[in-house]
Amino acid sequence: MSGWFGGYGGQFVAETLVAPLEELEAAYQKAQASEDFLSELDDLLNRFVGRPTPLTRLRRLGVEANGCTLWLKREDLTHTGAHKINNAIGQALLARRIGKRRIIAETGAGQHGVAVAAACAHLQLDATIYMGRVDAERQAPNVQRMELLGAEVRLVDNGTATLKDAINEAIRDWIAHPDSTHYLLGSVVGPHPFPTIVRGFQSVIGREARQQFLDSVGDLPDAVVACVGGGSNSVGMFSAFLDDPVRLIGVQAAGEGLGPGGRHAAPLLYGEPGVLQGTRTYLLQDDDGQILLTHSVAPGLDYPGVGPEHSYFKDTGRVEYRTASDDQALATFALLSRAEGIIPALESAHAVAGGLELAEELPHGSNILVNLSGRGDKDLVSALAAIRERDGADR
Amino acid sequence: MRRLEHAFADSQRETALVAYLTAGYPSLDETVDLVDAACAAGADVIELGAPFSDPLGDGPVIQATTQQALRAGVTVATTLDLVAKVRATGNDVPIMLMGYCNPFLRYGLPKLFADAASAGADGFIVPDLPATESTDWLVEAEGHNLGQVFFAAPGSSPERLRRTARQSRGFLYCLADNGVTGVRDRLADGLDAYLARVRAAATTPVAVGFGISRPEHVAALRGKVDGVIVGSALLKRIGAATTPQQRIAETTTLISELKEACR
Numbered sequence: 001m002s003g004w005f006g007g008y009g010g011q012f013v014a015e016t017l018v019a020p021l022e023e024l025e026a027a028y029q030k031a032q033a034s035e036d037f038l039s040e041l042d043d044l045l046n047r048f049v050g051r052p053t054p055l056t057r058l059r060r061l062g063v064e065a066n067g068c069t070l071w072l073k074r075e076d077l078t079h080t081g082a083h084k085i086n087n088a089i090g091q092a093l094l095a096r097r098i099g100k101r102r103i104i105a106e107t108g109a110g111q112h113g114v115a116v117a118a119a120c121a122h123l124q125l126d127a128t129i130y131m132g133r134v135d136a137e138r139q140a141p142n143v144q145r146m147e148l149l150g151a152e153v154r155l156v157d158n159g160t161a162t163l164k165d166a167i168n169e170a171i172r173d174w175i176a177h178p179d180s181t182h183y184l185l186g187s188v189v190g191p192h193p194f195p196t197i198v199r200g201f202q203s204v205i206g207r208e209a210r211q212q213f214l215d216s217v218g219d220l221p222d223a224v225v226a227c228v229g230g231g232s233n234s235v236g237m238f239s240a241f242l243d244d245p246v247r248l249i250g251v252q253a254a255g256e257g258l259g260p261g262g263r264h265a266a267p268l269l270y271g272e273p274g275v276l277q278g279t280r281t282y283l284l285q286d287d288d289g290q291i292l293l294t295h296s297v298a299p300g301l302d303y304p305g306v307g308p309e310h311s312y313f314k315d316t317g318r319v320e321y322r323t324a325s326d327d328q329a330l331a332t333f334a335l336l337s338r339a340e341g342i343i344p345a346l347e348s349a350h351a352v353a354g355g356l357e358l359a360e361e362l363p364h365g366s367n368i369l370v371n372l373s374g375r376g377d378k379d380l381v382s383a384l385a386a387i388r389e390r391d392g393a394d395r
Numbered sequence: 001m002r003r004l005e006h007a008f009a010d011s012q013r014e015t016a017l018v019a020y021l022t023a024g025y026p027s028l029d030e031t032v033d034l035v036d037a038a039c040a041a042g043a044d045v046i047e048l049g050a051p052f053s054d055p056l057g058d059g060p061v062i063q064a065t066t067q068q069a070l071r072a073g074v075t076v077a078t079t080l081d082l083v084a085k086v087r088a089t090g091n092d093v094p095i096m097l098m099g100y101c102n103p104f105l106r107y108g109l110p111k112l113f114a115d116a117a118s119a120g121a122d123g124f125i126v127p128d129l130p131a132t133e134s135t136d137w138l139v140e141a142e143g144h145n146l147g148q149v150f151f152a153a154p155g156s157s158p159e160r161l162r163r164t165a166r167q168s169r170g171f172l173y174c175l176a177d178n179g180v181t182g183v184r185d186r187l188a189d190g191l192d193a194y195l196a197r198v199r200a201a202a203t204t205p206v207a208v209g210f211g212i213s214r215p216e217h218v219a220a221l222r223g224k225v226d227g228v229i230v231g232s233a234l235l236k237r238i239g240a241a242t243t244p245q246q247r248i249a250e251t252t253t254l255i256s257e258l259k260e261a262c263r
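Order-wise, the sequence lines are chains Y and R.
If you use full-length UniProt numbering, the first sequence corresponds to residues 1 to 395, in order.
If you use full-length UniProt numbering, the second sequence corresponds to residues 1 to 263, in order.
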């Protein structure tokens with residue numbers, strides 16, 4: 001495992017973390033070759049997570065627009081309600097094999113935190129979750145879930161009190177306890193080997209979806225769409241289609257929708273390469289290399305960096321990156337709920353918005369596969385308030 | 001490198017004292033005065049921190065100082081200017097620039113090293129740059145004859161220690177303990193055995209930092225390392241003072257006490 005995706009990735013960490021990262025890499029490689037590990041993981045994915053998740057053909061959206069068919073990979077139907085559990089259960093199992101019983105994690109939307117808390121409760125590990133105070137307020141039900149599942153939630157006030165700041169505090173905790181603690185990073189970000197390990201545990205999404213699509217349609221989709229914050233659901237989905245003649249589209253958060261000058265969280269469109277939190281990747285930064293504040297209505301996308309493999313995909317052109325704004329995401333959140341009976345997470349609503357946009361561009365009869373990475377229960381309070389606010393402003 | 005080598009040359013008799021200050025804390029002008037005060041009181045090396053928005057290796061004390069510096073608009077460029085200002089006062093103590101990768105990379109490594117050399121800096125300490133990711137940095141450091149300091153951690157394997165020590169230019173920064181920077185009441189358990197392992201692997205001078213806060217800590221390390229690094233304890237004293245005169249007095253007092261314990 002090289003840890004580099006072209007010129008992106010690497011291991012830019014305090015020396016204190018080099019030994020635990022090497023230990024993790026070795027354990028992961030050993031586990032990947034272990035029948036015991038893989039069959040225990042499969043068993044957990046089937047009987048605890050609820051895999052395989054279905055592929056749903058939308059009945060109205062897309063068809064009405066341009067005779068295109070939208071298919072949703074239903075990661076929202078996993079236990080705890082988002083794709084995050086695929087990685088959480090895999091890494092928790094890995095940590096147990098290494099002999100580390102204390103797990104720390106960051107969370108933005110709270111979905112990774114809930115997944116870690118559930119995985120740790122199931123495997124009887126101790127969980128401590130760092131969460132920005134702003135995120136905790138806009139995702140209150142997830143804080144309650146984590147605590148009910150026995151995790152300790154530590155609120156972070158530094159910076160913008162969102163995902164990046166939660167990762168900073170989790171890394172500082174890990175630097176203080178490298179021997180006893182496993183840092184269960186929730187996305188394909190951070191130092192090597194995390195981007196590779198998290199991709200590995202999330203690749204089940206793409207493997208299942210590709211086969212299900214072939215079984216249902218008899219052919220590959222014309223395009224595959226996923227939202228990109230840190231980028232784990234998208235990398236997990238795209239990984240199965242990299243060698244296929246299929247357009248891959250990542251949707252980042254345009255926030256206010258004002259382009260590079262406005263508040264957003266789209267480093268792949270408006271950022272430049274740099275080093276943050278252990279990895280070299282596209283970042284939102286100023287001329288002095290200070291990390292800029294970000295904004296998205298979706299906490300899981302509200303991050304100034306992105307997984308290094310996405311930076312590589314951007315440069316090679318294998319994946320096309322575009323954006324959806326807060327307004328588009330909120331409209332899609334309501335639209336998918338009413339038109340199809342599926343309440344998406346605000347993060348996933350960005351992907352669906354991208355899929356709907358694509359449906360208008362592609363030829364009549366095209367098939368578009370969208371990864372619905374999570375469900376929207378966690379967003380009800382904040383999304384409904386935001387929608388009401390916008391309706392009020394329109395009058 | 002000449003100034004830096006000289007600072008550690010006499011470490012058998014007297015431990016070198018490295019004092020950390022944040023560039024622009026509490027202000028750019030005051031930093032020049034604090035550097036002078038620390039040197040006059042016996043600091044052998046100054047570690048000058050360039051602020052970063054996400055200082056992963058720092059605890060609350062240093063984080064607060066770098067946040068204040070950032071709010072005041074301190075950048076890599078102004079930090080380099082600060083070095084030139086210190087040199088303009090006739091101060092010849094080695095100055096190591098501490099900072100995280102991203103602002104330095106953004107400045108551009110060739111320009112960074114060229115400007116650092118001409119400002120009169122002596123090298124770089126970059127806590128999120130392990131020796132294994134440092135090829136470009138070492139080319140520049142050699143080209144400009146500047147130091148490039150890497151770290152040893154309590155959990156570092158013997159192979160890792162040898163490699164890190166071999167690549168370090170100037171000195172090897174030995175992390176006294178796991179965790180981020182900060183004031184600690186006592187030295188870590190097992191520190192002596194760990195320092196002995198580091199000494200056995202390193203041919204460069206070894207300076208130990210993180211949690212070194214009191215004269216008794218420094219005294220306990222005498223003869224076991226070439227240098228000691230003090231940061232949070234100093235900034236905490238400076239932060240508690242309310243006037244520029246008091247801040248200079250606090251710096252002078254603490255550095256004098258620590259230097260006394262080096263002898």
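Quick reminder that beta carbons are idealized off the backbone N, C-alpha and C, glycines included.
- Among the residues facing chain R, V13/Y is included, as its CB has a counterpart in that chain under 8 Å away.
- In terms of beta-carbon proximity, C101/R lines the interface with chain Y, with at least one pair separated by less than 8 Å.
- Rounded to the nearest whole angstrom, the CA to CA distance from G50/Y to A151/Y is 22 Å.
- Residue-level contact check: G10/Y touches chain R, since one or more beta carbons of chain R fall below 8 Å from its beta carbon.
- By the rule that beta-carbons nearer than 8 Å mark a contact, A207/R does not touch chain Y.
- Taking the beta carbon of E133/R as reference, the chain Y residues within 7 Å of it are G10, Q11 and F12, listed in sequence order.
- Every beta strand (DSSP E) stretch that sits fully inside the region 198 to 258 of chain Y and reaches 3 residues is listed by chain position as 223 to 227 and 247 to 255.
- Bounds of the alpha helix (DSSP H) holding T79/R are V76 to A88.
- Using beta-carbon distances, V18/Y counts as an interface residue toward chain R, with a partner under 8 Å.
- Apart from the 5 residues on each side of it in sequence, I342/Y sits with its Cβ closer than 6 Å to the Cβ of L336 in its chain, given in chain order.
- Nearest CB-CB separation between V275/Y and chain R: below the 8 Å threshold.
- Taking all protein chains shown into account, G7/Y has fewer than 16 neighbouring C-beta atoms within 10 Å of its C-beta and is therefore exposed.
- The beta carbon of V180/R sits closer than 6 Å to those of G57, D58 and G59, all from its chain and outside the five residues before and after it, given in chain order.
- Among the residues of chain R, none has a CB under 7 Å from the CB of R133/Y; the nearest is roughly 16 Å distant.
- Using a 10 angstroms sphere on the CB of G218/Y, the tally of other CB atoms stays under 16, which defines it as exposed.
- With respect to the C-alpha of R87/R, the residue from A241/R, R3/R, A261/R and V228/R having the closest C-alpha is R3/R.
- L17/R is not a Cβ neighbour of D54/R, given a cutoff of 8 Å.
- Rounded to whole angstroms, V18/Y and E272/Y show a C-alpha spacing of 26 Å.
- Of the candidates G376/Y, A353/Y, I291/Y and R96/Y, I291/Y places its Cα closest to the Cα of L70/R.
- Two segments are said to touch when three or more pairs of C-beta atoms, one from each, lie closer than 8 Å; by this definition the region 380 to 390 of chain Y does not touch the region 145 to 157 of chain R.
- Against chain Y, the beta carbon of R71/R has no neighbour under 8 Å; the closest one sits roughly 11 Å away.
- At least one CB atom of chain R sits nearer than 8 Å to the CB of D288/Y.
- Within the region 25 to 106 of chain Y, the complete alpha helix (DSSP H) segments at least 4 residues long are 35 to 44, 63 to 66 and 84 to 98, listed from N- to C-terminus.
- Contact between the region 382 to 392 of chain Y and the region 230 to 243 of chain R is absent: fewer than three C-beta pairs spanning the two stretches fall below 8 Å.
- Between R106/R and chain Y, the shortest Cβ-Cβ separation is below 8 Å.
- Using a Cβ-Cβ cut-off of 8 Å, Q285/Y is close to N102 and R106 of chain R, given in chain order.
- Contact between K73/Y and N371/Y is confirmed by a C-beta separation of about 5 Å, below the 8 Å threshold.
- Counting C-beta atoms within 10 angstroms of its own C-beta, Q167/R has 16 or more neighbours from the protein chains shown and is therefore classed as buried.
- Excluding its 5 nearest sequence neighbours in each direction, T203/R has C-beta neighbours in its own chain below 8 Å: A165 and R166, listed in chain order.
- Checking the DSSP bridge columns, you'll see C174/R partnered with A152/R and V208/R.
- Rounded to the nearest angstrom, the Cβ distance from Q111/Y to G300/Y is 7 Å, consistent with a contact under 8 Å.
- DSSP links W4/Y through a beta bridge to G9/Y.
- For the region 171 to 194 of chain Y, residues whose beta-carbon sits nearer than 8 Å to a beta-carbon of chain R comprise I171, R172, I175, A176, H177, P178 and D179.
- Neighbourhood of R160/R in chain Y, by CB distance below 7 Å: V18, in chain order.
- According to the DSSP assignment, S256/R belongs to no beta strand (DSSP E) but to the alpha helix (DSSP H) extending over P244 to C262.
- Remark: C-beta atoms of L93/Y and F37/Y approach each other more closely than 8 Å.
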